[in-house]
Amino acid sequence: MGYSENKIKVLRFEEANGFYTTPERSKLMSKIKGKDTKPEILFRKELWKAGLRYRKHNKKLPGNPDIVNKKQKLIIFIDGEFWHGYNWTEKKKKIKTNRKFWIAKIERNMQRDQENNLRLEKLGYKVFRFWEHEVKKETQKCIQLIFSYLNDL
18 MGYSENKIKV LRFEEANGFY TTPERSKLMS KIKGKDTKPE ILFRKELWKA
68 GLRYRKHNKK LPGNPDIVNK KQKLIIFIDG EFWHGYNWTE KKKKIKTNRK
118 FWIAKIERNM QRDQENNLRL EKLGYKVFRF WEHEVKKETQ KCIQLIFSYL
168 NDL
């Protein structure tokens with residue numbers, strides 16, 4: 018697939034590239050989950066309770082969506098604030114260590130999210146992306162957005 022912008026290159030996180038981490042930090046980072054996070058589980062339970070059936074983590078679709086309803090052509094992602102660049106212009110300034118790696122990493126994640134959204138839309142899917150904090154604090158508002166879309170079909 019061609020990119021609308023230049024693809025951001027992210028160097029491997031290793032000492033040879035000038036990146037360093039402590040064993041404590043490494044242990045903490047290894048505990049971060051990529052799927053089935055608490056906000057995802059909360060959101061899925063609420064969707065199920067509201068009557069929407071779905072599949073989770075469809076690896077055959079671009080971006081490996083968190084929630085998929087093929088019948089309604091619906092895709093839902095629950096994005097972590099750090100990994101997907103929430104309030105990025107502010108957060109970017111606060112990164113103190115390994116800036117070269119983390120800034121490229123997050124910006125590439127954001128670029129990939131946009132690419133996946135476009136690819137999914139070309140396949141006929143409606144894509145919803147919610148931030149983890151939105152799901153935690155305003156679950157019902159997020160659910161209502163989904164059902165408002167479904168009711169308009």
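Be aware that the sequence shown starts at 18, since it is given in the working numbering, and climbs by one per residue.
In this text, a Cβ means the ideal position worked out from N, Cα and C, and glycines have one as well.
If the five residues before and after Leu91 are omitted, its C-beta is found closer than 6 Å to the C-beta atoms of Lys143, all from its own chain and listed in chain order. C-alpha of Val85 to C-alpha of Glu107: approximately 32 Å in a straight line. The shortest CA-to-CA distance from Lys26 to any of Gln128, Asp96 and Lys77 is the one to Gln128. Where Leu137 is concerned, the enclosing alpha helix (DSSP H) starts and stops at Arg116 to Lys139. Sixteen is the threshold: when 16 or more other Cβ atoms of the shown chains lie within 10 Å of the Cβ of Phe60, as they do, the residue is buried. Residue state for Val27 is assigned as coil, using DSSP reduced to three classes. Glu132 is positioned such that its CB atom lies no closer than 8 Å to that of Gly97.
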